[in-house]
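Q: Here it is, the structure, as structure tokens.
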Amino acid sequence: MVFKSQHEDADIPHNVSLTEFLLSRIDPKYGDEPYIVDSVTEQSLSFNRTKQLITNVATNLQKEYNVKKADVVGILMPNLILYPVAFHGVVLAGGVSTTINPLYSEEEVQRQLQSSGATLLITIQPLLEKSSKALAGTKVSKIFVIAEGDVKEEGNVLDFKKRLMCPSKQTLTKVSIQDDDLVCLPFSSGTTGLNKGVMLTHRNVISNCIQIQQVDKYTRQDAIVGFLPFFHIYGQVVIMNMGLFNNIKVVCITQFNFVEFLKAIEKHHVTRVHVVPPVILAMAKEPVVKKFNLSHVKIITSGAAPLSEGLANLASRAMNIPVVQGYGMTESSPVTTMSTDKYNRPGSIGLIMPNCEMKIVNTDDRKTELGYNQEGELCFRGPNIMLGYLNNKEATDDTIRDGWLHTGDIGYIDEDGYSYIVDRLKELIKYKGFQVPPAELEGLLLKHESVQDCAVVGVPEPGVGELPKACVVRKKGYENVTEQQLMDYVAKHVNPQKRIRIVQFVEAIPKSATGKILRRLLKESPASKL
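To convert, note that position 454 of the sequence shown is 454 in UniProt numbering; the numbers rise steadily by one, no gaps.
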């Protein structure tokens, strides 16, 4: 049974550049008003200034650094007011932005640059050393660095502001865009396994912006707080792009601090707050919240990880603000269902987005279609669904079957069209809203001289989602290796979100007859947190 959206379908254009589309929506009446503001320094860019800088960057990339259609450029930085300038400058030049987590280790940065085929990298001064070391074995020829002052240019290191943001004497060449042309290449673990490049097209992202607006009805009087990372598709689309789409102010938070976050909401009269469950927990329970005037906030929306009905209700009562959740994946640009203050049911992930369809299939054969109130794997089809995974046909074919995106999440839909998540078919761990792929950590642990076998699972932890737990079989002769030593070893090679939080030594890893790790049994076994 195929379930249709209850929302009216929206008109989605074809063969249009995402950046041209967003810039075309800037209303001249509001051109000189702030688009993006730094929450600490109060530095800002107006809509007109942002548009001019994006055009400058695009022109210089084309004319001075030979960026052509479909060339990939890496962006490695935290949230900055120049983030949309870098991202959309690449896109307007005809390139593809691959956004990289600034907390990644050198090895992780290198892996994404290699996999994406990036030829240039844009970063910030504090990340230059890590960036330079990560270039070995990549196609990156130049690093453009954003800094407060001048950048010392030597070798392949260039000053972003001096080389790209300055006006060009040449004219930007308009790039012809087709529906299947890529706009960005974020990396995701998908339903399982190592990070893969998600091929999102211009039309994918434009579709989701229009779908969100069709449901959520942003107005010119809105303001959004931008603490969700712009490298992640959630923050990138729902905050950075929707700010341009609707001519509304984005308050940019570079480094999250809960009190500063609340200050920014109060000072800038933020009306819409997009967060992840750990922040909802803090907003529900931290006494400091009552010291701030949050009366302008109309709605708080949670995403990136499941939000329990109990926590949503607790937070809503504590602040007297509707707390709702949406659902999506990087692979769907990202939103596929959404709740609003008007369309909301306790515990629900909302209604299917306009122009989207959903079906629920039996988890055994992943084919048999189910009906209302029957639990199975959620699958989606629509204009926002990715083309596939970069250079990975096997993973693409497993995730997209007959045009349907298989999410790896188990849920159901009620007769009123509200969907619910009840479990995860996929093995991916969600820690504070971040994806933690077990296969990556297992591969790393198996390189340690003391590890005979291992498996990594997520164990539930209130406020953070799941803690990555490693079950380890030690090699003979290495019985003195400690839990802390293994956690420290992993921490040296991955970003903070991927660190192992619990280690349990076991006699053997339970496996099926076909060799598949029986993760459920490992999740159920007790262990002390370390």
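Cβ coordinates follow ideal geometry from the N, Cα and C atoms, glycine included.
Quick caveat: nothing in here was measured; it's all calculated off a predicted structure.
In angstroms, rounded to a whole number, what distance separates the CA positions of residue 436 and residue 29?
A: By one-based count along the sequence shown, residue 436 stands at place 436. By one-based count along the sequence shown, residue 29 stands at place 29. Each residue's Cα considered, the two are about 44 Å apart.
Q: Less than 8 Å between the CB atoms is what I'm expecting for residue 370 and residue 77, so what's the real figure, rounded?
A: For the purposes of this step, residue 370 is taken as the residue at position 370 of the sequence shown. For the purposes of this step, residue 77 is taken as the residue at position 77 of the sequence shown. Their Cβ separation, rounded to whole angstroms, is 44 Å, which puts residue 370 and residue 77 out of contact at 8 Å.
Q: Determine, using beta carbons only, whether residue 429 and residue 466 come nearer to each other than 8 Å.
A: Your numbering for residue 429 matches position 429 in the sequence shown. Your numbering for residue 466 matches position 466 in the sequence shown. Yes, Cβ-Cβ distance for residue 429 and residue 466 is below 8 Å.
Q: Can you name, in chain order, every residue of its own chain whose Cβ lies under 6 Å from the Cβ of residue 328, other than the five neighbours on each side?
A: Locating residue 328 in the sequence shown gives position 328, counting from the first residue. So the qualifying residues of the chain are 334, 335, 336.
Q: Would you be able to state if there are at least three C-beta pairs under 8 Å between the region 216-233 and the region 402-422?
A: no
Q: So what's residue 253 in DSSP terms, helix, strand or just coil?
A: Mapped onto the sequence shown, residue 253 falls at position 253. If DSSP states are grouped into helix, strand and coil, residue 253 belongs with coil.
Q: Just tell me which of 123, 220, 169 has its CA closest to the CA of residue 231.
A: Position 231 of the sequence shown, counting from 1, holds the residue named residue 231. The residue with the shortest Cα to Cα distance from residue 231 is 123.
Q: Report yes if the CB atom of residue 425 is closer than 8 Å to the CB atom of residue 408, and no otherwise.
A: The residue labelled residue 425 in the question sits at position 425 within the sequence shown. The residue labelled residue 408 in the question sits at position 408 within the sequence shown. The answer is yes: Cβ separation under 8 Å.
Q: According to DSSP, which residues form a beta bridge with residue 240?
A: Position 240 of the sequence shown, counting from 1, holds the residue named residue 240. Answer by DSSP bridge pairing: none, since residue 240 is not bridged.
Q: Provide the residue span of the alpha helix (DSSP H) that contains residue 210, from first to last.
A: Here residue 210 corresponds to residue number 210 of the sequence shown, with the count starting at 1. Here the alpha helix (DSSP H) through residue 210 covers 202-216.
Q: In three-state DSSP terms, what is residue 24?
A: As a position in the sequence shown, residue 24 is number 24, starting the count at 1. Helix, per DSSP.
Q: If you follow the alpha helix (DSSP H) that residue 263 is in, where does it begin and where does it stop?
A: Indexing the sequence shown from 1 puts residue 263 at position 263. Taken as a continuous stretch (DSSP letters only), the alpha helix (DSSP H) holding residue 263 covers 258-267.
Q: Residue 601 to residue 302, Cα distance in whole Å?
A: As shown, the chain starts at 1 and ends at 530. That puts residue 601 outside it, with no answer to give.
Q: Can you name, in chain order, every residue of its own chain whose Cβ lies under 7 Å from the Cβ of residue 495, other than the five neighbours on each side?
A: On the sequence shown, position 495 is the one that residue 495 refers to. The beta carbon of residue 495 sits closer than 7 Å to the beta carbons of 101, 103, 104, 105, 108 from its chain, once the five residues preceding and following it are set aside; these are given in chain order.
Q: Assuming contact is defined by CB atoms lying nearer than 8 Å, are residue 354 and residue 204 in contact in what I supplied?
A: What you label residue 354 is simply residue 354 of the sequence shown in a count that begins at 1. What you label residue 204 is simply residue 204 of the sequence shown in a count that begins at 1. Result no, Cβ atoms of residue 354 and residue 204 do not sit closer than 8 Å.
Q: Under the rule that 16 or more other beta-carbon atoms within 10 Å means buried, what is residue 460, buried or exposed?
A: Within the sequence shown, residue 460 is the residue found at index 460, counting from 1. The residue in question, residue 460, is exposed, as its Cβ has fewer than 16 Cβ neighbours within 10 Å.
Q: Taking 8 Å as the threshold (C-beta atoms), are residue 45 and residue 36 in contact?
A: Reading the sequence shown from its first residue, position 36 is the one you call residue 36. Reading the sequence shown from its first residue, position 45 is the one you call residue 45. Yes, the Cβ-Cβ distance between residue 36 and residue 45 is below 8 Å.
Q: So, helix, strand or coil for residue 157, using DSSP?
A: Here residue 157 corresponds to residue number 157 of the sequence shown, with the count starting at 1. Strand.
Q: Can you give the Cα-Cα distance for residue 470 and residue 58, rounded to whole angstroms?
A: Stepping through the sequence shown from its first residue, residue 470 is reached at position 470. Stepping through the sequence shown from its first residue, residue 58 is reached at position 58. About 45 Å.
Q: Consult DSSP for residue 36 and reduce its assignment to one of helix, strand or coil.
A: Residue mapping note: residue 36 aligns to position 36 of the sequence shown, counting from 1. Residue 36: strand per DSSP, three-state reduction.
Q: Helix, strand or coil for residue 19? Go by DSSP, reduced to three states.
A: Position 19 of the sequence shown holds residue 19. Three-state DSSP puts residue 19 in a helix.
Q: Checking the sheet assignment: what are the DSSP bridge partners for residue 46?
A: Against the sequence shown, residue 46 aligns to sequence position 46. DSSP output for residue 46 lists 34 as bridge partner(s).
Q: Grab me the residues of residue 161's own chain with a C-beta within less than 6 Å of its C-beta, minus the 5 sequence neighbours each way, in chain order.
A: By one-based count along the sequence shown, residue 161 stands at place 161. Counting only Cβ-Cβ distances below 6 Å, and skipping sequence neighbours, we find nothing.
Q: Evaluate residue 478 with the Cβ neighbour count: other Cβ atoms within 10 Å of its Cβ, from every protein chain shown; 16 or more gives buried, anything less gives exposed.
A: The sequence position of residue 478 within the sequence shown is 478, counting from 1. By the 10 Å Cβ count, residue 478 comes out exposed.
Q: Which of the three DSSP states is assigned to residue 231 in this structure?
A: For the purposes of this step, residue 231 is identified with residue 231 of the sequence shown, where counting begins at 1. Residue state, collapsed to three classes: coil.
Q: Going by DSSP, what residues sit across from residue 111 in a beta bridge?
A: For the purposes of this step, residue 111 is taken as residue 111 along the sequence shown, with counting starting at 1. The partner list for residue 111 (beta bridge, DSSP) is empty, contrary to what the question assumes.
Q: Looking at the secondary structure, which residues open and close the beta strand (DSSP E) in which residue 460 lies?
A: Taking the first residue of the sequence shown as 1, we reach residue 460 at position 460. It spans 451-461 - the beta strand (DSSP E) in which residue 460 sits, taken as one unbroken run.
Q: I need the DSSP call for residue 221, collapsed to helix, strand or coil.
A: Reading the sequence shown from its first residue, position 221 is the one you call residue 221. Coil at residue 221, not helix or strand.
Q: How many Å lie between residue 63 and residue 172 at the Cα?
A: Indexing the sequence shown from 1 puts residue 63 at position 63. Indexing the sequence shown from 1 puts residue 172 at position 172. C-alpha separation (whole angstroms): 8 Å.
Q: Please look up how many angstroms separate the CB atoms of residue 183 and residue 73, rounded, as I've assumed it's under 8 Å.
A: Locating residue 183 in the sequence shown gives position 183, where the first residue counts as 1. Locating residue 73 in the sequence shown gives position 73, where the first residue counts as 1. Between residue 73 and residue 183 the Cβ distance is about 12 Å, and since that is not below 8 Å, they are no contact.
Q: How many whole angstroms separate the CB atoms of residue 79 and residue 330, which I take to be in contact at a CB cut-off of 8 Å?
A: Indexing the sequence shown from 1 puts residue 79 at position 79. Indexing the sequence shown from 1 puts residue 330 at position 330. Rounded, the Cβ-Cβ distance is 18 Å, inconsistent with contact.
Q: Assign residue 338 to one of three DSSP states: helix, strand, or coil.
A: Within the sequence shown, the letter at position 338 stands for residue 338. Residue 338 falls in the strand class under three-state DSSP.
Q: Can you round the beta-carbon distance between residue 413 and residue 360 to whole angstroms, since I take them to be within the 8 Å contact cut?
A: For this step, residue 413 is matched to residue 413 along the sequence shown. For this step, residue 360 is matched to residue 360 along the sequence shown. The Cβ separation is near 7 Å, so the contact holds.
Q: If we ignore side chains and look at the alpha-carbon of each, how far apart do residue 33 and residue 278 end up?
A: Mapped onto the sequence shown, residue 33 falls at position 33. Mapped onto the sequence shown, residue 278 falls at position 278. Looking at the two C-alpha atoms, the distance is approximately 33 Å.
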